[in-house]
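A.B. asks: Following this message is one structure expressed as C-alpha cells.
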Amino acid sequence: MVYKWHNSIKGAIHVGSHLGDMVEPSQSKSNLIKSFFLRVSDLLNLAMSTAEKIECAVIGAGVIGLAVARALALQGREVIILESEDAIGLGTSSRNSEVIHAGIYYDTGSLKAKLCVQGKLALYDYCESHGVTHQRCGKMIVAVHDGQLEKLEALQQKAVDNDVNDLIWQDQQTTLAMEPALNAVASLLSPSTGLINSHALMLAFQGDAESAGTMIAFNSPVLGGAITDNSIRLDIGGATPLTLDCEIVINSAGLHAQRVAGSIAGFPPEMVPGTFYAKGNYFSLAGQSPFSHLIYPIPEEAGLGVHLTLDLSGQARFGPDVEWVDKIDYEVDPAQGDKFYAAVRSYWPELPNNALIPGYSGIRPKLKGPGNPPMDFVFNGPAEHGIQGLVNLFGIESPGLTASLAIADEAIKRLK
Ligand SMILES: Cc1cc2nc3c(=O)[nH]c(=O)nc-3n(C[C@H](O)[C@H](O)[C@H](O)COP(=O)(O)OP(=O)(O)OC[C@H]3O[C@@H](n4cnc5c(N)ncnc54)[C@H](O)[C@@H]3O)c2cc1C
C-alpha cells in the first residue's frame, strides 16, 4: 500500500514542478511548498490508516474530473482524484478541437445548450484570470450553395433560442471579403467562438484543486465497488490495490464511465446507459492556412461536419469526421484522407493535392448508436438512482471542454 501511495506522491511531485509556472504572483513559493508537504503528510496518513476513508472521490483526471475536484475542494471538502493513467488529461480531453463553442447547435433547453453558454462565459473569465492561453478568433458557418441557406437561417434562429445573441448574418460579398479562399454564398459569423489550450486549462484546474488540498492518485484505476449502508466503497487497482470508503463519488471516467458505474455492486444496472464510440479523425494541413477564422460547414449527423480549426499558432487542421467504432483505437487511417479532400473542397476548392497529413483522433462517448438523434449530457445522481452521494456523468461529449466549469457546478448540485 505504501508503495502505491508513494507512486501518488511521485505524481504529486511531478505536478508540483508544473505548478511553479502556474501560480498566481500573489501565491508565494513557500506557501506552495508548505501546502505540498501537507498534501504528502495527508497521503501518508491515508496510507497508514487501517480503514481508508475519504469525503469525496472523483474518478478520472480529464478536464471534467479536474473541474469537479477543483469545485469540491474550493467548497472546503476533502478530495482525492483517482486516475488510471500516470498523468492528467490523457483521454478525450487532449483529443479534441480545443474550440470554445458559442452554444449554437444544441437542442434548446437541453443541458448541452445551457451549460455550453454558461460554461463559455465562465471559461473566458477563468482564462483571463488564470493566464490560460486562449484566443477569441471567431468562426464562420458557411452555406456553400443556395440550398443550404434555409439550414443556415434555422441555425441563426436556434442560436437566438439558446441565448447566443451575437451571430452576424453575412452575405456572399462580406463573407468573401473576410475569407477570400472560401466557396460560400453566405455565412454566419460567431464572434464569441474561440480557441483554448486545453492542457493549460487542465493544469490550471489541477493547480487550483491541489492548492485547495486535493490529492491526485495516478496509476489508480477504479476496478469496482459496492454501495454500503453509509458509504460508496471503491476498489482501486494498480501496484498495490486498496479499498476506499467515500461519502461522495463523482464518476467522470469519460469513455469508461458506464463500465465504472456498472461495476459498483448495488448500483441499479438498468441505470447504466449503452456505450457507443464515434471516432473523430483529424488531418493537418501541410503549409500555411489561408483562413484566419474557424470555418464550419452545415452540421451533419453525430458531428459538426469536417471543419477547419486552427491551433493557437495559426496552423490549420481539418476534422473531426464521424467513424463509428467498436473499440478505442486512436490510429488515423490515411485512407480516410479521400473523404476529407471531398468534404473540405466543398468550402475550399483550392485545397491542393497531397496537402492533408494524417493527424490525431478522439472518440466521442455516445449513449446511442448511429441513426439516433443527438443525446444530451446525462447527470445520473441521487434523484435518478436513489443512492446518496453518487453522481455519474455519462455522454460528456462536445461541448464538454467549453462547458467544464458549468458541468462541475451542475454535478455538485445533483448531489442533493
Ligand atoms: C473528436 C472530439 C472533438 C471535440 N472537440 C471539442 C471542442 O472543440 N470543444 C469542446 O468544448 N469539446 C470538445 N469535445 C468534447 C470534450 O473533449 C469532452 O467533452 C471532454 O474532454 C470530456 O472530458 P472527460 O474528463 O469527461 O473525459 P476524459 O478526458 O476522457 O477523462 C476521463 C479520465 O478518466 C480516466 N479513467 C477512465 N476509467 C477510469 C477508471 N476506471 N479509474 C480511474 N480513472 C479512469 C481516464 O484515464 C481519463 O483520464 C470533443 C470531443 C471529441 C471526441
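Note that the sequence shown covers residues 224 to 639 in our numbering.
Don't be surprised by glycine CBs; every beta carbon is placed ideally from N, CA and C.
1. Please give me, in chain order, every unbroken run of the beta strand (DSSP E) with length at least 3 that falls completely inside the region 463-487.
2. Would you mind giving the Cβ-Cβ distance between Ile323 and Thr532, rounded to the nearest angstrom? I have them listed as a contact below 8 Å.
3. For Leu616, which option in Lys589, Asp556, Pro597 and Phe441 has the closest C-alpha, if you only look at C-alpha atoms?
4. Do Gly609 and Pro581 have their C-beta atoms within less than 8 Å of each other?
5. Given a threshold of 16 other Cβ atoms within 10 Å of its Cβ, counted over all protein chains shown, does Ala606 qualify as buried or as exposed?
6. Taking DSSP's pairing of strands, which residues face Phe617 in a bridge?
7. Apply the 10 Å Cβ neighbour rule to His368 and answer buried if 16 or more other Cβ atoms are within range, or exposed otherwise.
8. Would you kindly work out how many angstroms separate the C-alpha atoms of Glu470 and Ala462, rounded to a whole number?
9. Could you check if Ala274 is buried or exposed, using at least 16 other CB atoms within 10 Å of its CB as the buried criterion?
10. So, under 8 Å CB-CB, Asn474 and Ile619 are touching, yes? Tell me the CB distance rounded to an integer number of Å.
11. My parser needs the alpha helix (DSSP H) runs of 4 or more residues fully inside the region 347-405; what are they?
12. Taking DSSP as the reference, what is the three-state secondary structure of Phe541?
13. Per the contact definition of three or more C-beta pairs closer than 8 Å, is the region 302-320 in contact with the region 337-349?
14. If you draw a straight line from the alpha carbon of Ser415 to that of Leu467, how long is it in whole angstroms?
15. Nearest CA to the CA of Gly370: which residue from Asn595, Arg540, Ile521 and Trp571?
16. May I ask you to check if the CB of Ile455 is nearer than 7 Å to at least one heavy atom of ligand 1?
17. Let's test the definition: count the other Cβ atoms within 10 Å of the Cβ of Thr451 and tell me whether it reaches 16, buried, or not, exposed.
18. Taking buried to mean at least 16 other C-beta atoms within 10 Å of its own C-beta, is Gln393 buried or exposed?
19. So what does DSSP say about Leu289, is it helix, strand or coil?
20. Helix, strand or coil for Tyr583? Go by DSSP, reduced to three states.
21. For the beta strand (DSSP E) containing Lys276, list its first residue and its last residue.
22. In or out: Leu242 buried (at least 16 other Cβ within 10 Å) or exposed?
23. Cβ of Gly285 within 7 Å of any heavy atom in ligand 1?
24. Run through DSSP, which three-state label would Phe514 get?
25. In the DSSP assignment, find the unbroken beta strand (DSSP E) run with Tyr505 in it and report its ends.
26. Out of Trp571, Asn453 and Asp384, which has the shortest C-alpha to C-alpha gap to Leu399?
27. What's the call for Tyr553, buried or exposed, on a 16-neighbour Cβ count within 10 Å?
28. Any heavy atom of ligand 1 closer than 7 Å to the beta-carbon of Ala476?
29. Hey, quick one: how far does the beta strand (DSSP E) through His530 stretch, first residue to last?
30. Can you give me the C-alpha to C-alpha distance between Gly623 and Pro444, rounded to a whole angstrom?
31. Run the proximity test for Leu624: is its beta-carbon closer than 7 Å to any non-hydrogen atom belonging to ligand 1?
32. In this structure, what does DSSP give as the bridge partners for Gly417?
33. Give a single yes or no on whether Arg637 has its beta carbon closer than 7 Å to a heavy atom of ligand 1.
34. So, are the CB atoms of Asp544 and Gly592 less than 8 Å apart?
C.D. replies: In short:
1. Runs of the beta strand (DSSP E) inside the region 463-487: 465-474.
2. Not a contact, Cβ separation roughly 11 Å.
3. Checking every option, the nearest Cα to that of Leu616 belongs to Lys589.
4. Contact flag unset, no.
5. Exposed, because fewer than 16 other Cβ atoms sit within 10 Å of the Cβ of Ala606.
6. In the DSSP output, where bridge partners are listed per residue, Phe617 has Val601.
7. Around the beta carbon of His368, fewer than 16 other beta carbons sit within 10 angstroms, so the residue counts as exposed.
8. Rounded to whole angstroms, Glu470 to Ala462 spans 25 Å at the Cα level.
9. Summary for Ala274: the model assigns pLDDT 44, below 50, so the residue's position carries little reliability; its value from the coordinates is reported in the next sentence. Exposed is the call here.
10. Their Cβ separation, rounded to whole angstroms, is 11 Å, which puts Asn474 and Ile619 out of contact at 8 Å.
11. Counting whole runs of 4 or more residues, the region 347-405 contains the alpha helix (DSSP H) stretches 372-384 and 395-401.
12. Residue state, collapsed to three classes: strand.
13. Counting C-beta pairs with one atom in each stretch, the region 337-349 and the region 302-320 have fewer than three that are closer than 8 Å, which means they do not touch.
14. Using only the alpha carbons, I get a separation of about 43 Å.
15. Sorting Asn595, Arg540, Ile521 and Trp571 by C-alpha distance to the C-alpha of Gly370 places Ile521 at the top.
16. False, no ligand heavy atom lies under 7 Å from that Cβ.
17. So Thr451 ends up on the exposed side.
18. So Gln393 ends up on the buried side.
19. Of the three classes helix, strand and coil, the one that applies to Leu289 here is helix, per DSSP.
20. In this structure, Tyr583 counts as strand in the three-state DSSP scheme.
21. Its beta strand (DSSP E) spans residues Lys276 to Ile282.
22. Because the pLDDT of Leu242 is 34, which lies under 50, any placement of that residue in the model is unreliable, and the number read from its coordinates should be weighed accordingly. By the neighbour-count criterion, in which 16 or more other beta carbons inside 10 Å mark a residue as buried, Leu242 falls on the buried side.
23. Indeed, a heavy atom of ligand 1 lies less than 7 Å from the Cβ.
24. Under the three-state reduction of DSSP output, Phe514 falls in the coil class, being neither helix nor strand.
25. Segment Phe499 to Leu508, the beta strand (DSSP E) holding Tyr505.
26. Measuring from the Cα of Leu399, the nearest candidate turns out to be Trp571.
27. Answer is exposed; the Cβ neighbour count stays below 16.
28. In this structure, ligand 1 has a non-hydrogen atom nearer than 7 Å to the beta-carbon of Ala476.
29. Element bounds for His530: His530 to Leu533.
30. When rounded, the distance between both Cα atoms is 22 Å.
31. Inclusion of Leu624 in the 7 Å shell around ligand 1 follows from its C-beta lying nearer than that to a non-hydrogen atom of the ligand.
32. According to DSSP, which records beta bridges pairwise, Gly417 is partnered with Ile323.
33. No, since every heavy atom of ligand 1 falls outside the 7 Å radius drawn around the Cβ of Arg637.
34. Contact annotation: Asp544 and Gly592 have beta-carbon atoms that are not nearer than 8 Å.
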